[in-house]
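Step one of this worksheet: look at the structure below.
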Amino acid sequence: MEKKGAILILSGPSGCGKSTLLKNVYKQIGDYHFSISTTTREPREGEVDGVDYYFVSREEFEEDIKKGHFLEWAEVHGNYYGTSLKPIISAVNEGKLVIFDIDVQGHTIVRKKLDNIVTSVFITTPSLMDLENRLKSRNTDSDEVIEKRLTNAKTEIKYFRKYDYFIINDDLEEASKSLVAIANIARVKAKLFNDEEIIAKWLAK
Ligand code: ADP
Ligand code: 5GP
40 MEKKGAILIL SGPSGCGKST LLKNVYKQIG DYHFSISTTT REPREGEVDG
90 VDYYFVSREE FEEDIKKGHF LEWAEVHGNY YGTSLKPIIS AVNEGKLVIF
140 DIDVQGHTIV RKKLDNIVTS VFITTPSLMD LENRLKSRNT DSDEVIEKRL
190 TNAKTEIKYF RKYDYFIIND DLEEASKSLV AIANIARVKA KLFNDEEIIA
240 KWLAK
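Take the sequence shown: its letter number 118 is residue 157 in our numbering, and every next letter is one higher.
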């Protein structure tokens with residue numbers, strides 16, 4: 040049977056380990072496409088334009104909003120972040136699993152627009168204190184930025200039950216196993232399949 044495209048949304052407080060988890064499991068996830076978001080925040084040391092994000096000015100971002108280029112966008116920690124529509128449509132049409140790392144606002148929008156093909160997982164640390172320690176030890180953000188992210192995290196955690204799955208990223212290997220399982224299950228969601236087509240084929244044999 041033709042492979043169906045699907046979307047897997049990962050959300051969770053900045054610093055909970057989403058990028059680390061993805062790096063740890065990407066070889067175990069078949070044919071996927073990571074959605075590269077566009078942002079107005081400054082690149083962190085080591086981040087590459089076109090790999091981690093497309094880094095743009097606020098003016099460019101606002102122009103793209105006007106032109107309707109985004110599937111979703113949101114203001115997070117004082118910066119714009121958004122998912123461009125075109126590459127997502129292409130990847131889904133090619134039967135890929137499209138992975139998004141977006142915030143809770145973006146999740147709400149994508150769910151509304153593409154519910155049938157979305158599976159989502161909320162990832163967090165065991166506690167707020169662990170989050171603070173991880174953000175500090177990552178050593179990429181100023182104290183002020185870390186403070187903003189921690190404040191935001193206290194709101195974000197309240198949304199975890201809106202997601203299909205929930206991972207506490209304590210032991211990286213355990214959390215990785217759960218993420219691989221969720222990525223596999225996202226590809227066999229019943230609503231991905233066209234009922235008329237499936238039933239007609241099934242009856243014809
Ligand atoms: P996010 O992508 O969610 O913002 P990162 O992947 O950048 O988070 O992780 C934040 C920090 O936490 C990094 O320094 C990373 O090495 C560390 N980290 C990630 N997962 C774990 C874990 N399970 N245990 C301890 N530290 C972790
Ligand atoms: P960071 O600055 O740490 O890379 O990301 C900050 C937050 O923005 C994270 O919660 C991340 O999931 C979210 N984010 C990244 N890209 C997007 C996007 O395209 N749309 C939305 N809505 N959120 C995003």
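For glycine and all other residues, C-beta sits at the position ideal for the given N, C-alpha and C.
1) If you reduce the DSSP assignment to three classes, tell me which class HIS72 lands in.
2) Considering only heavy atoms of the ligand ADP, does any lie closer than 8 Å to the CB of ILE162?
3) Tell me which residue opens and which closes the beta strand (DSSP E) that GLY121 is part of.
4) Could you tell me whether the Cβ atoms of ILE46 and ILE156 are closer together than 9 Å?
5) Between the alpha carbons of LYS105 and SER76, how many angstroms are there, rounded?
6) Give a yes or no on whether the minimum CB-CB distance between ALA239 and chain D is below 9 Å.
7) Excluding the five sequence neighbours on either side, which residues of its own chain have a C-beta within less than 8 Å of the C-beta of ASP70, listed in chain order?
8) Answer yes or no: the CB of SER254 versus the heavy atoms of the ligand 5GP, is any distance below 8 Å?
9) Quick check on DSSP: helix, strand or coil for THR147?
10) Contact check, ASP209 vs PRO165 under 8 Å by CB: the rounded distance?
11) Would the C-beta of PHE139 count as close to the ligand 5GP, meaning under 8 Å from any of its heavy atoms?
12) Mind reading off the beta-carbon distance from GLY54 to ARG173? Whole number of angstroms is fine, and I expect it under 8 Å.
13) CB of GLN144 to nearest heavy atom of the ligand 5GP: below 8 Å?
In this structure, then:
1) As a working mapping, residue 72 is identified with position 33 in the sequence shown. Here HIS72 sits in strand by DSSP.
2) One-based indexing of the sequence shown puts residue 162 at position 123. Yes, since a heavy atom of the ligand ADP falls inside the 8 Å radius drawn around the Cβ of ILE162.
3) The residue labelled residue 121 in the question sits at position 82 within the sequence shown. Its beta strand (DSSP E) spans residues 118-123.
4) The residue labelled residue 46 in the question sits at position 7 within the sequence shown. The residue labelled residue 156 in the question sits at position 117 within the sequence shown. In this structure, ILE156 lies closer than 9 Å to ILE46 by Cβ.
5) Within the sequence shown, the letter at position 66 stands for residue 105. Within the sequence shown, the letter at position 37 stands for residue 76. Approximately 17 Å between the Cα atoms of the pair.
6) Protein chains in the displayed structure number just one, and chain D is not present.
7) Position 31 of the sequence shown, counting from 1, holds the residue named residue 70. The residues are LYS42, GLY134, LYS135 and LEU136.
8) Because the chain is modelled from 40 through 244, residue 254 falls outside the range shown and cannot be assessed.
9) As a first step, residue 147 must be located in the sequence shown, where it is residue number 108. It is helical.
10) To locate residue 209, count along the sequence shown from 1; it is residue 170. To locate residue 165, count along the sequence shown from 1; it is residue 126. About 5 Å separates the two Cβ atoms, so the contact holds.
11) In the sequence shown, residue 139 corresponds to position 100, counting from 1. Yes.
12) Locating residue 54 in the sequence shown gives position 15, where the first residue counts as 1. Locating residue 173 in the sequence shown gives position 134, where the first residue counts as 1. Contact holds; Cβ gap of about 5 Å.
13) Here residue 144 is taken as the residue at index 105 of the sequence shown, counted from 1. Because some heavy atom of the ligand 5GP lies under 8 Å away, the Cβ of GLN144 counts as near it: yes.
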